[in-house]
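Numbering (full-length UniProt numbering), first residue to last: 1 to 121.
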């Protein structure tokens, strides 16, 4: 018998993969960054209780080789989601900017993305 975490992980796998693809597409629209979103299977899943309503959200977390978190996806019980993935590269077409991360939010079929830019020094 599957645990609640395993059931949620299996059910949300297609959505998680869709979100990761959208993060890559958003980075690609900036130009040639050489950014690739992490593989779904490389993430560490957990359940997190929402302090506002007590519902459980599925959380996938990705860490880099040094053990630092470099990506996270949270899918709430109502189907809404938020994700971010570190890019940490200079903007490929505009030297005034540094691409810190790509974020995504929304729900299945309606995922929005946006780069998080920092002014280059």
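Quick reminder that beta carbons are idealized off the backbone N, C-alpha and C, glycines included. Remember, it's a predicted structure, so these values are computed and weren't measured experimentally.
- The C-beta separation of residue 86 from residue 101 comes to about 5 Å, placing the pair in contact by the 8 Å criterion.
- Contact between residue 43 and residue 60 holds, since their C-beta atoms are separated by about 4 Å, short of 8 Å.
- In terms of Cβ geometry, residue 22 and residue 104 form a close pair [threshold 8 Å].
- By the criterion of a C-beta distance shorter than 6 Å, residue 64 is surrounded in its chain by 70, once the five residues flanking it on both sides are discounted.
- For residue 118, the enclosing beta strand (DSSP E) has its first and last residue at 110 to 119.
- The beta carbons of residue 16 and residue 73 sit closer together than 8 Å.
- When DSSP states are grouped into helix, strand and coil, residue 27 belongs to the helix group.
- Non-local beta-carbon contacts of residue 120 in its own chain, meaning distances under 8 Å to residues more than five positions away in sequence, involve 90, 91, 95, 96, 97 and 98 in chain order.
- Taking C-beta separations shorter than 8 Å and ignoring five residues to either side along the sequence, the partners of residue 50 in its chain run 56, 57, 76 and 77, following chain order.
- In this structure residue 37 is in contact with residue 20, their Cβ atoms being roughly 4 Å apart against a cut-off of 8 Å.
- Uninterrupted beta strand (DSSP E) stretches at least 3 residues long and entirely within the segment 10 to 70 occur at 44 to 49 and 56 to 63, given in chain order.
- Annotation for residue 81: the continuous beta strand (DSSP E) segment containing it runs 81 to 90.
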